[in-house]
Amino acid sequence: MDDLLREFITETNESLDVVDVELVKFEQEPNNATILDNIFRLVHTIKGTCGFLGLPRLEGIAHAAETLMGKFRDGAPVTQDAVSLILVSIDQIKDILGELEAAEGEEPQGDDSELIGKLEEMSAAADAAMAGGGAADEPAADAEPEAEAATDSDDFTLPEQTIERPLRPGEVSLDELERAFRETEIEVEVAESAEDEAPDEQPEEIEAPAPAAAKAPEKPAEAQPAAKAKPSGEGGEKKASGGGVSNQSIRVAVDTLEHLMTMVSELVLTRNQLLEIVRRHEDSEFKVPLQRLSNVTAELQEGVMATRMQPIGNAWQKLPRIVRDLSQDLEKPIELEMIGADTELDRQVLEMIKDPLTHMVRNSADHGLERPEERRAAGKPEKGIITLAAYHEGGHIIIEVRDDGKGIDVERVKAKIIERGLATEAEVEKMTDAQVQKFIFHAGFSTAAAVTSVSGRGVGMDVVRNNIELIGGTVDLRSVTGKGSSFIIKIPLTLAIVSTLIVEAGGDRFAIPQLSVVELVRVQKNSEHRIERIKDTPVLRLRNKLLPLVHLSQLLGIYEGENADEAIDADNGFIVVMQVGSQTFGVVVDGVFHTEEIVVKPMSTMLRNLDMFSGNTILGDGSVIMIIDPNGIAGAMASHASSAVAENSEDEQEDLQQKAMTGQNAISLLLFRAGAPEPKAVPLSLVTRLEEFDISKIERSNGRDLVQYRGALMPLVYVNDGDSHKTEGTQPMLVFSDAGRSMGLVVDEIVDIVEDRMNIEVGSERPGVLGSAIVKERATEIIDLGFYLPQAFEDWFMRKEMDIEALTKKVLFVDDSSFFRNMLTPVLKAAGYDVTTCVGVSQAFELLENGDKFHAIVSDIEMPEINGFEFCEAIRRDPRFRQMPILALSSLVTPASIERGRQAGFDDYVAKFDRPGLIAALKDIFAGDLGAAA
Amino acid sequence: MSMLENKVAGDKNAGNDMIQYVTVVIGGQLFGLPISQVHDVFVPESVTRVPMSAPEVQGVLNLRGRIVTAINMRRRLHLPPLQDEQMMAVGIEYKHESYGLVIDTVGEVLTLPSSSAEPNPSNLDRRWAEIAGGVHRLDGQLMVILDVDRLLGAMFTEPMAAA
Numbered sequence: 018m019d020d021l022l023r024e025f026i027t028e029t030n031e032s033l034d035v036v037d038v039e040l041v042k043f044e045q046e047p048n049n050a051t052i053l054d055n056i057f058r059l060v061h062t063i064k065g066t067c068g069f070l071g072l073p074r075l076e077g078i079a080h081a082a083e084t085l086m087g088k089f090r091d092g093a094p095v096t097q098d099a100v101s102l103i104l105v106s107i108d109q110i111k112d113i114l115g116e117l118e119a120a121e122g123e124e125p126q127g128d129d130s131e132l133i134g135k136l137e138e139m140s141a142a143a144d145a146a147m148a149g150g151g152a153a154d155e156p157a158a159d160a161e162p163e164a165e166a167a168t169d170s171d172d173f174t175l176p177e178q179t180i181e182r183p184l185r186p187g188e189v190s191l192d193e194l195e196r197a198f199r200e201t202e203i204e205v206e207v208a209e210s211a212e213d214e215a216p217d218e219q220p221e222e223i224e225a226p227a228p229a230a231a232k233a234p235e236k237p238a239e240a241q242p243a244a245k246a247k248p249s250g251e252g253g254e255k256k257a258s259g260g261g262v263s264n265q266s267i268r269v270a271v272d273t274l275e276h277l278m279t280m281v282s283e284l285v286l287t288r289n290q291l292l293e294i295v296r297r298h299e300d301s302e303f304k305v306p307l308q309r310l311s312n313v314t315a316e317l318q319e320g321v322m323a324t325r326m327q328p329i330g331n332a333w334q335k336l337p338r339i340v341r342d343l344s345q346d347l348e349k350p351i352e353l354e355m356i357g358a359d360t361e362l363d364r365q366v367l368e369m370i371k372d373p374l375t376h377m378v379r380n381s382a383d384h385g386l387e388r389p390e391e392r393r394a395a396g397k398p399e400k401g402i403i404t405l406a407a408y409h410e411g412g413h414i415i416i417e418v419r420d421d422g423k424g425i426d427v428e429r430v431k432a433k434i435i436e437r438g439l440a441t442e443a444e445v446e447k448m449t450d451a452q453v454q455k456f457i458f459h460a461g462f463s464t465a466a467a468v469t470s471v472s473g474r475g476v477g478m479d480v481v482r483n484n485i486e487l488i489g490g491t492v493d494l495r496s497v498t499g500k501g502s503s504f505i506i507k508i509p510l511t512l513a514i515v516s517t518l519i520v521e522a523g524g525d526r527f528a529i530p531q532l533s534v535v536e537l538v539r540v541q542k543n544s545e546h547r548i549e550r551i552k553d554t555p556v557l558r559l560r561n562k563l564l565p566l567v568h569l570s571q572l573l574g575i576y577e578g579e580n581a582d583e584a585i586d587a588d589n590g591f592i593v594v595m596q597v598g599s600q601t602f603g604v605v606v607d608g609v610f611h612t613e614e615i616v617v618k619p620m621s622t623m624l625r626n627l628d629m630f631s632g633n634t635i636l637g638d639g640s641v642i643m644i645i646d647p648n649g650i651a652g653a654m655a656s657h658a659s660s661a662v663a664e665n666s667e668d669e670q671e672d673l674q675q676k677a678m679t680g681q682n683a684i685s686l687l688l689f690r691a692g693a694p695e696p697k698a699v700p701l702s703l704v705t706r707l708e709e710f711d712i713s714k715i716e717r718s719n720g721r722d723l724v725q726y727r728g729a730l731m732p733l734v735y736v737n738d739g740d741s742h743k744t745e746g747t748q749p750m751l752v753f754s755d756a757g758r759s760m761g762l763v764v765d766e767i768v769d770i771v772e773d774r775m776n777i778e779v780g781s782e783r784p785g786v787l788g789s790a791i792v793k794e795r796a797t798e799i800i801d802l803g804f805y806l807p808q809a810f811e812d813w814f815m816r817k818e819m820d821i822e823a824l825t826k827k828v829l830f831v832d833d834s835s836f837f838r839n840m841l842t843p844v845l846k847a848a849g850y851d852v853t854t855c856v857g858v859s860q861a862f863e864l865l866e867n868g869d870k871f872h873a874i875v876s877d878i879e880m881p882e883i884n885g886f887e888f889c890e891a892i893r894r895d896p897r898f899r900q901m902p903i904l905a906l907s908s909l910v911t912p913a914s915i916e917r918g919r920q921a922g923f924d925d926y927v928a929k930f931d932r933p934g935l936i937a938a939l940k941d942i943f944a945g946d947l948g949a950a951a
Numbered sequence: 589m590s591m592l593e594n595k596v597a598g599d600k601n602a603g604n605d606m607i608q609y610v611t612v613v614i615g616g617q618l619f620g621l622p623i624s625q626v627h628d629v630f631v632p633e634s635v636t637r638v639p640m641s642a643p644e645v646q647g648v649l650n651l652r653g654r655i656v657t658a659i660n661m662r663r664r665l666h667l668p669p670l671q672d673e674q675m676m677a678v679g680i681e682y683k684h685e686s687y688g689l690v691i692d693t694v695g696e697v698l699t700l701p702s703s704s705a706e707p708n709p710s711n712l713d714r715r716w717a718e719i720a721g722g723v724h725r726l727d728g729q730l731m732v733i734l735d736v737d738r739l740l741g742a743m744f745t746e747p748m749a750a751a
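Just so you know, the protein sequences line up as chains F and V, in that order. Going by the numbering used here, the first sequence opens with residue 18, and the numbers climb by one from there. Going by the numbering used here, the second sequence opens with residue 589, and the numbers climb by one from there.
As structure tokens, this is what we get:
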């Protein structure tokens, strides 16, 4: 692609951007001739240059658009349709330009006849309108130069110029082109003077015409090659008139600037190194010159930085057009206000925020602003206002996107949060409105009821946030219902130089960007700040908040000790309190050195996948240091925490499973053999002693075997009827004692004591045997002691009748599901409880009101009419039942629901499928009860 | 450096068939790098390690104002680390970025006819074969041609061990 063409493309793109903005303005003020002239001139220039470069397609469209605009100048009424059509043409020209650039100067194939046809149609219509009522429209006063030029062409002493072929439709003659050049200058002056004269009338226009005017003078100058090509005496004259302004600025390729920037960065680094050396030699003669070098370098750096700076208005350029289109699509009148467009920031940053800004403006127009009728109803002007404001604030630039719409609907966001499962209802209830509103930055979140072409695809605000965070910025949100919302973006002025805090961890130094550092906390023995631990999680109590802590070396996986949990020394350390987005946390480091302004160098591609680092740089002492990426750290922090939680919950899960499997945790079982080779087992806790008696000690009396044991007679019981004790040697037996009485269960052999879960898998009909369980991988009979005890003393249980009655707890079981009632009632009964079932809360209340005494209530949570939480709260309100233990039983067990249960007043919260858990919970309750009684 | 560059210039005139190699020793084995790819030979000093990076990445270092990623060739070739000896590094450029291959020692520059290179023996350790671009038979020893593009290219595409 030759330079001329490249120049043309850059040039034209810029012109088109201006045309876009101007057209939108023109639509609002159809009688402003200055704007129209400006547009006309730009399009004319484009047309002319296209013809010169031999780009017939572009030329055709530009010509047709120009013709239509010519009609406006001649006084045709300006309609929205016409402006839209011209905008479409401009878009088409842009597309072709894009392809032209991609194709290295080849104009793409394509047919624009439809568009041109429409433009011509519109022109004809405009003609007709003018011929009719159009006469009333006063022709624009100073729109004449071109028309005059056309009629008075003889006044120009131009040599007649011809080309060797006939003109194509839409093509201009060289004369016309020449004239165009001449006129552009005249018009520029007009534009400038008009602006000078009438600043008060058009305050909002001052921003836009200024760059347009500044750019405009360049055009004739750059079109000089064209002009020079002709044998014309006017060339010199033009140069003289246009040169004064155009020489003030030159175009420099971005690459050149980038290179310059890199070199300056090197210079800064070298200077730092030199300063470091000189610092070590006290009386160095280098000191003074180096000081000067240092100053010059600093100024040079500033200067080069300044060349990278661009007004933020450049990023806003496309927005008026977008808002206009949106305004039409959505049928909402919208006004776009731009404040502080000349605020400068690094062009790299500028590029990065263009898209997020566009998206946010779209959002404001679509979601933020209400429909005109709603606005009227709310007592607001029909026209919605979107305000873009930019200003500097201490090394940062703040950009605000504000609308005066309805604000963010907190209730709808809440509903969405719950629907998306981003938080539970209970959690949402506890959140402040601001917290709820922040959820719109979550991935996949969009409150627009329907997906519109404008927004509502749910890939919005999270992408915006990500893009902004990528450049080390933050985005915040303020919204007042009915008043509007405002997004506040805070971004660094430049990405090239970052102020960082140099810290040490695991023997290495790292740089943490200051932007995300909130404060530094020194932790020492006896100092007011202490590192505390919740379980194994270190936290810092800082003012009114608990900060999660993690050691940097842990996050980076470079901790060298045995146990990473010990990386944090509770008595000594520095905590860098960091804030990333809404996340605040403490990063513990081994040492803090100083702050340093560093020039970020991109990481090698090979290392770019490490999200913990955003880059690296060379420090004053010549060593390379890695720059921490706060976002990466925040991410790791979150996953660090969640992995700890996951670990914990895994443990708990396993526990639960074990419980569910076994009925209880592992218990000690005594394995023995009696009467048969297969092993039998009895819980060791029930066995008082293991004894071996000499056979001779066994006496027989009253038809049963007895031994004298501790001054009393102890009856011996055999596992199977008809078994007998050994005839010689010693007889092992299990002694069970209770309330001064003992019984000896005669066994053949005590095999083992094992820790295992007593999980009876096959029940037994046989008296004396509870069932069979797997113990030590063998099927083992579990002995039912309750069967044998009465064999020793018939009244073993009888004499405790009274106590037992007192001990038998009456339990009220409330569940609307018959399935669960049927399933759990036997379980409770089997556990020795007297169970009364209720199908609902009202029945339960009836029973309670009737004076039926219960020791505990087990209640389902999910029930119709009145749920378990409400039931429990109601019971707790009644002074008679305030002390009544109540267990919640639910198929839904989440931390949140457990918390909710606790608040309602439940003593415990058990999963429905966790039968052993239920028994254990009841036992706990009554154990406490007994304990209290004792 | 400048001497090497002179040789490169000379080499270009010498003919197409001859290739000059900078020889390096890694774990006793002689390797050759095409001289056109070698920019520097330097002593890797004050290397900053990069946490969470691939194990063969020794770290980053400052080489006359440029940040160079140092790759430990012993680790890359699955050889035991060199004990207490000064290592050397060869600076190369790959896709406009600077890398330093940390090796044991640098040897002489050899000019070898490209036709005498033989393909990798088929039984060569797979991990070696993927970065070796052939073998030259020299007097008394073999020189493995180090294929820089494959060596570094593989590190971009392979999932990082630590990641």
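Beta carbons: idealized from backbone N, C-alpha and C, even for Gly.
TODO: Taking the CB atoms as reference points, tell me whether G401 of chain F and D372 of chain F lie closer together than 8 Å.
DONE: no
Task: Where L649 of chain V meets chain F, residues with beta-carbon distance less than 7 Å - done: The contacting residues are V641.
Open item on the list: Please give me, in chain order, every unbroken run of the beta strand (DSSP E) with length at least 3 that falls completely inside the region 903-931 of chain F.
Closed with: 903-907 and 925-928
- [ ] Determine the extent of the beta strand (DSSP E) in which F619 of chain V is found, giving its start and end residues.
- [x] Q617 to P622
TODO: Under 7 Å Cβ to Cβ from I52 of chain F, same chain only, skipping five residues before and after it: list those, please.
DONE: E39, K42, F43 and E46
TODO: Please compile the residues from chain V whose C-beta is within a distance smaller than 8 Å of the C-beta of I635 of chain F.
DONE: Within chain V, the residues near I635 of chain F are N650, G653 and I655.
- [ ] Give the residues of chain F in contact with E685 of chain V, contact being defined as C-beta atoms less than 7 Å apart.
- [x] S621 and T622
Task: C-beta atoms of G695 of chain V and H627 of chain V nearer than 8 Å - done: no
Task: CB contact check: R738 of chain V to chain F, cutoff 8 Å - done: no
Open item on the list: So G603 of chain F and L566 of chain F are supposed to be a Cβ contact under 8 Å. How far apart are they, rounded?
Closed with: 4 Å
TODO: Please check if any C-beta of chain F sits within less than 8 Å of the C-beta of V645 of chain V.
DONE: Closer than 8 Å: yes.
Open item on the list: What does the alpha-carbon distance come out to for the pair G574 of chain F and D646 of chain F?
Closed with: 15 Å
- [ ] Determine the chain V residues that contact M629 of chain F at a beta-carbon separation under 9 Å, and present them in chain order.
- [x] P639 and M640
- [ ] Tell me, please, whether the CB atom of E746 of chain V is closer than 8 Å to any CB atom in chain F?
- [x] Because E746 of chain V sits at a pLDDT of 49, beneath the cut-off of 50, its placement in the model cannot be relied upon, and the point is left open.
- [ ] Tell me, to the nearest whole angstrom, how far the beta carbon of I956 of chain F is from that of M369 of chain F; I am working on the premise that it is less than 8 Å.
- [x] This structure cannot speak to residue 956 of chain F, because chain F is shown only from 18 to 951.
Task: Integer Cβ distance of I415 of chain F from L362 of chain F, believed to fall under 8 Å - done: Their Cβ separation, rounded to whole angstroms, is 11 Å, which puts I415 of chain F and L362 of chain F out of contact at 8 Å.
Open item on the list: Can you check whether the C-beta of M661 of chain V is within less than 8 Å of a C-beta belonging to chain F?
Closed with: So, not an interface residue.
Open item on the list: Quick check: what's the CA-CA separation for D924 of chain F versus N719 of chain F?
Closed with: 52 Å
Task: Touch test, the region 727-736 of chain F against the region 762-769 of chain F, Cβ-Cβ under 8 Å, three pairs minimum - done: yes
Open item on the list: So D525 of chain F contacts chain V; which residues on that side make the cut at Cβ distance below 9 Å?
Closed with: Those within 9 Å of D525 of chain F in chain V are T636, R637 and P639.
Open item on the list: Please list the terminal residues of the continuous beta strand (DSSP E) segment that includes A660 of chain V.
Closed with: One point to set straight first is that residue 660 of chain V is Asn, not Ala, in the sequence displayed. It spans R654 to N660 - the beta strand (DSSP E) in which N660 of chain V sits, taken as one unbroken run.
- [ ] Examine the Cβ distances between the region 72-90 of chain F and the region 123-138 of chain F and report whether three or more of them are shorter than 8 Å.
- [x] With a cut-off of 8 Å, the region 123-138 of chain F and the region 72-90 of chain F count as touching, because enough Cβ pairs lie within range.
Open item on the list: Using a Cβ-Cβ cutoff of less than 8 Å, which residues in the same chain neighbour K500 of chain F once the five nearest sequence positions on both sides are dropped?
Closed with: Excluding positions up to five away in sequence, the list reads D421 and G424.
Open item on the list: Please report the straight-line C-alpha distance between I63 of chain F and G115 of chain F, rounded to a whole angstrom.
Closed with: It is roughly 15 Å from the alpha-carbon of I63 of chain F to the alpha-carbon of G115 of chain F.
- [ ] Go ahead and pull the three-state DSSP assignment for R550 of chain F.
- [x] strand
- [ ] Could I get the ranges of all uninterrupted beta strand (DSSP E) runs contained in the region 709-770 of chain F, with 3 residues as the minimum, in chain order?
- [x] 716-718, 721-726, 729-735, 747-755 and 758-763
TODO: Would you mind stating whether V609 of chain F and V520 of chain F have Cβ atoms separated by less than 8 Å?
DONE: The criterion of a C-beta distance shorter than 8 Å is satisfied by V609 of chain F and V520 of chain F.
Open item on the list: Here's the rule I'm using: 16 or more other beta-carbon atoms within 10 Å means buried, otherwise exposed. How should M606 of chain V be labelled?
Closed with: exposed
Task: Where the alpha helix (DSSP H) containing S834 of chain F begins and where it ends - done: Element bounds for S834 of chain F: n/a, residue is neither H nor E.
- [ ] State the Cα-Cα distance for the pair V771 of chain F and L688 of chain F, rounded to the nearest angstrom.
- [x] 7 Å
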